[in-house]
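Residue numbers (my numbering): 464 to 900. These notes are about the structure you will find just below.
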Amino acid sequence: MGYYETSFYALLVVCAGLLASQPTRRNELKKQADSRKPVSRDDKHPEADWYKVYALVMGADWVQGPYLYSLYRDEHGLSERLVSTLFATGFLSGAVSAYFIGALADKHGRKAVCMVFCLLYAMSCFFTVIPVVPLLFLGRILGGISTSILFSVFDSWMVTNFRERKLVEDGCDLSRTYATTSIVNSLSAIVSGVVSEWLVRVTGTKKAPFFLSAGLLWCALQIIWAHWVENYGTKAAESSEDSKESDLWSTLKQPSILALGFASTMFEGSMYLFVFFWTPTIKSVQKSTGELPYGYIFSSFMASSMAAALIFNIVMQKRPFKYSRLLVGILLAANFCFVKLAGPKTEDATFWLFCLFEACVGMYWPCTGYLKGHLVEDDIRAKVYSILRIPLNIFVVVSLAIAGDSKHFTKVFSACSMLLTASFGAVWAASLKENMP
Numbered sequence: 464m465g466y467y468e469t470s471f472y473a474l475l476v477v478c479a480g481l482l483a484s485q486p487t488r489r490n491e492l493k494k495q496a497d498s499r500k501p502v503s504r505d506d507k508h509p510e511a512d513w514y515k516v517y518a519l520v521m522g523a524d525w526v527q528g529p530y531l532y533s534l535y536r537d538e539h540g541l542s543e544r545l546v547s548t549l550f551a552t553g554f555l556s557g558a559v560s561a562y563f564i565g566a567l568a569d570k571h572g573r574k575a576v577c578m579v580f581c582l583l584y585a586m587s588c589f590f591t592v593i594p595v596v597p598l599l600f601l602g603r604i605l606g607g608i609s610t611s612i613l614f615s616v617f618d619s620w621m622v623t624n625f626r627e628r629k630l631v632e633d634g635c636d637l638s639r640t641y642a643t644t645s646i647v648n649s650l651s652a653i654v655s656g657v658v659s660e661w662l663v664r665v666t667g668t669k670k671a672p673f674f675l676s677a678g679l680l681w682c683a684l685q686i687i688w689a690h691w692v693e694n695y696g697t698k699a700a701e702s703s704e705d706s707k708e709s710d711l712w713s714t715l716k717q718p719s720i721l722a723l724g725f726a727s728t729m730f731e732g733s734m735y736l737f738v739f740f741w742t743p744t745i746k747s748v749q750k751s752t753g754e755l756p757y758g759y760i761f762s763s764f765m766a767s768s769m770a771a772a773l774i775f776n777i778v779m780q781k782r783p784f785k786y787s788r789l790l791v792g793i794l795l796a797a798n799f800c801f802v803k804l805a806g807p808k809t810e811d812a813t814f815w816l817f818c819l820f821e822a823c824v825g826m827y828w829p830c831t832g833y834l835k836g837h838l839v840e841d842d843i844r845a846k847v848y849s850i851l852r853i854p855l856n857i858f859v860v861v862s863l864a865i866a867g868d869s870k871h872f873t874k875v876f877s878a879c880s881m882l883l884t885a886s887f888g889a890v891w892a893a894s895l896k897e898n899m900p
């Protein structure tokens with residue numbers, strides 16, 4: 464067994480130990496002396512349908528991700544420049560559509576837009592496997608719109624559903640919900656990576672994961688249709704139109720939201736660049752001969768992310784410090800990773816620095832999700848979440864254009880470290896000025 468395989472299985476053992484120590488809804492209900500609701504073994508978790516749908520839609524995203532570039536280059540025979548243009552088109556379509564998606568979701572219903580997501584993303588998969596350039600661009604446009612929905616409207620539905628159903632009284636906790644969602648995402652990534660690799664090997668084509676992705680989206684659509692309850696934003700907004708707390712632009716001007724948006728752009732932008740550059744970085748410091756086990760390396764990253772989300776769940780159950788302080792710590796740790804990656808490094812150090820950054824990602828999602836859940840009003844939630852993704856998409860497109868090819872990863876990592884330094888400074892200043900959670 465090689466070094467990377469051993470590391471992966473060791474991380475899985477750590478995850479198993481942390482999983483056994485997780486706080487649960489059942490334990491929370493037992494602690495609530497005034498809870499009148501009896502809990503039995505067959506009592507269905509009130510957020511079970513959320514976790515099922517999230518596992519399916521993230522699985523649909525993860526299962527096709529590793530093969531998109533390869534499908535374009537190897538099977539469709541596209542040039543490097545055309546492939547880069549296709550990727551940029553996806554990010555640009557996400558940026559352009561972001562505001563309108565949030566407004567539509569708040570007005571016409573988040574459940575409805577999530578169902579539209581399943582259809583649009585499935586269409587994107589079908590267009591992606593057809594080697595006709597105009598259809599490939601259409602697939603990227605639909606993919607960009609779908610990604611914008613996935614990372615804004617789904618969250619908006621979940622938080623509003625949590626509050627409207629008063630799930631706190633049912634033993635649930637929004638912080639724990641976000642942490643569990645992050646764990647589900649990591650598990651989906653690990654399973655999807657294994658399944659997609661097996662599919663490609665069995666079928667002999669890199670189109671197979673995209674058909675599987677469409678199938679997963681169809682299953683998610685059925686669960687959303689049958690079990691989710693619709694929620695809106697604009698009804699609340701119309702009843703308090705003159706209220707600053709419910710005004711979109713007043714919310715966006717708040718220092719806490721501006722700092723959170725800036726930190727999200729810098730961190731998530733660095734994360735997308737990490738996805739693009741981690742392979743050439745490890746190859747550049749490889750000591751052994753032969754092909755690196757990329758599947759095990761990627762799975763180790765996801766296991767690191769899951770372990771961090773499990774730790775977040777345990778630690779933040781007791782609220783030992785504010786979430787904004789934790790976010791500062793996450794940004795500092797991510798900054799440390801990029802500072803080290805930008806300098807001289809060994810193969811082992813590079814691998815574990817990447818694992819540490821993925822651990823930061825595992826804590827980042829539930830931390831920022833909780834912060835946005837408390838800082839943003841329900842009536843404009845989808846709009847705000849969508850708008851906060853606009854600078855992120857622009858940042859990634861500009862960064863990739865400036866970086867050029869994958870040989871300039873050292874300069875990219877140095878730039879990421881400087882931007883993360885600015886972002887944790889912004890969050891720290893905002894937390895001092897305002898009473899951030």
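No residue lacks a Cβ here, since even glycine has one placed at the ideal position from N, Cα and C. Predicted model only: the values in this text are computed from it and were never measured.
- In the same chain as Glu731, and ignoring 5 residues on each side of it, the C-beta atoms closer than 7 Å to its own belong to Leu855, in chain order.
- A residue is called buried once 16 or more other Cβ atoms fall within 10 Å of its Cβ, and Trp525 is buried on that count.
- When the beta-carbon positions are compared, Gly696 and Ala568 come within less than 9 Å of each other.
- Within the model, the alpha-carbon separation for Thr548 versus Arg628 is close to 44 Å.
- Within the model, the alpha-carbon separation for Arg664 versus Gln685 is close to 29 Å.
- Contact between the region 750 to 768 and the region 874 to 881 is absent: fewer than 3 CB-CB pairs across the two stretches fall below 8 Å.
- Here Trp691 is buried, its C-beta having at least 16 other C-beta atoms within 10 Å.
- Inter-residue distance for His539 and Ala677 is about 20 Å (C-alpha atoms, whole angstroms).
- Under the three-state reduction of DSSP, Gly667 is assigned to coil, being neither helix nor strand.
- Residues of the same chain with a CB within less than 6 Å of the CB of Ala585, apart from the 5 flanking positions on each side, are Ala677 and Leu680 in chain order.
- DSSP places Pro672 within a helical segment (H, G or I) once states are collapsed to three.
- Your pair Leu773 and Ile646 checks out as a contact, with CB atoms roughly 6 Å apart and the cut at 8 Å.
- Put simply, the backbone Cα of Gly825 is about 6 Å away from that of Met769.
- Here DSSP, grouped into helix, strand and coil, assigns Ala518 to helix.
- Spatial neighbours of Lys669 in its own chain (CB-CB distance under 8 Å, excluding positions within 5 residues in sequence) are listed in chain order as Tyr530, Ser533, Leu534, Asp537, Glu538 and Val663.
- Boundaries for Met899: no alpha helix (DSSP H) harbours it, and the DSSP string shows neither H nor E there.
- In terms of CA proximity to Lys746, Thr809 leads the group Thr809, Lys570, Val778 and Cys818.
- The C-beta distance from Val559 to Val616 rounds to 16 Å, too long to meet the 8 Å contact threshold.
- With fewer than 16 other CB atoms across the displayed protein chains lying within 10 angstroms of its CB, Gly480 is exposed.
- Here the region 596 to 613 does not lie against the region 778 to 795, with fewer than 3 beta-carbon pairs under 8 Å apart.
- The criterion of a C-beta distance shorter than 9 Å is satisfied by Phe625 and Leu637.
- Contact annotation: the region 650 to 658 touches the region 516 to 525, with at least three C-beta pairs closer than 8 Å.
- Assignment of alpha helix (DSSP H) within the region 753 to 801, counting only whole runs of 4 or more residues, yields 757 to 779 in chain order.
- For Trp525, the three-state secondary structure derived from DSSP is helix.
- A direct Cα-to-Cα measurement between Arg844 and Ser587 gives close to 26 Å.
- Per DSSP, Pro594 is not a residue of any alpha helix (DSSP H), being assigned neither H nor E.
- The beta carbon of Leu851 is closer than 7 Å to those of Gly724 and Ser727 in its chain, skipping five residues each way along the sequence.
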